[in-house]
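Here is the structure we will look at, set down as structure tokens.
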Amino acid sequence: MATQAEITRAKWDKLAPRFDSMASAGAEKRWKPFKSALFSHMQGKILFLALGTGLDIPAWPKGQDIIAIDISPKMLAEAQPRIAAYEGALSAELM
26 MATQAEITRA KWDKLAPRFD SMASAGAEKR WKPFKSALFS HMQGKILFLA LGTGLDIPAW
86 PKGQDIIAID ISPKMLAEAQ PRIAAYEGAL SAELM
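Numbering (the working numbering), first residue to last: 26 to 120.
Here it is, written out as structure tokens:
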């Protein structure tokens, strides 16, 4: 019998390849000013939960020291281009 963590991981792994299209570029564009304002207060050593495909990364302030976690290895794989493009210290971990 699968654990709840395994069920949750499988659900997000299945969604990972199409998550960005489901989130819609229009919605991300609409929410970016609000996300940027919220994330502008991030400073110091930061733990970011539920990174997903990294859609929030472009709204983060530059030059921060961030550890991001997600339960899905496939979501983290999808996030790799955004992780690599972040202008600061960013590591993403499976947890």
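Cβ coordinates follow ideal geometry from the N, Cα and C atoms, glycine included.
Since residue i contacts residue j with CB under 8 Å, what's their CB separation in whole angstroms?
i	j	result
A109	T78	No, A109 and T78 are not in contact; Cβ-Cβ is about 13 Å, not under 8 Å.
Suppose you measure from the CA of residue i to the CA of residue j; what does that come to, to the nearest Å?
i	j	result
I71	Y111	14 Å
F44	L74	17 Å
E53	L80	8 Å
D38	F59	28 Å
K87	G113	6 Å
R34	A62	30 Å
Got a sec? Which residues, its chain only, sit under 8 Å from residue i by beta carbon, not counting five neighbours each side?
i	result
K57	P83, A84
Quick one: what's got a C-beta closer than 6 Å to residue i's C-beta in the same chain, skipping five residues either side?
i	result
I92	L72, S116
Item to check | Stretch-stretch touch, CB-based, cutoff 8 Å, three pairs: the region 59–71 with the region 97–105 | outcome: no
Checklist entry - Taking only runs of the beta strand (DSSP E) that begin and end inside the region 59–119, which ones reach a length of at least 3 residues, in chain order? => result 70–74, 90–95, 114–119
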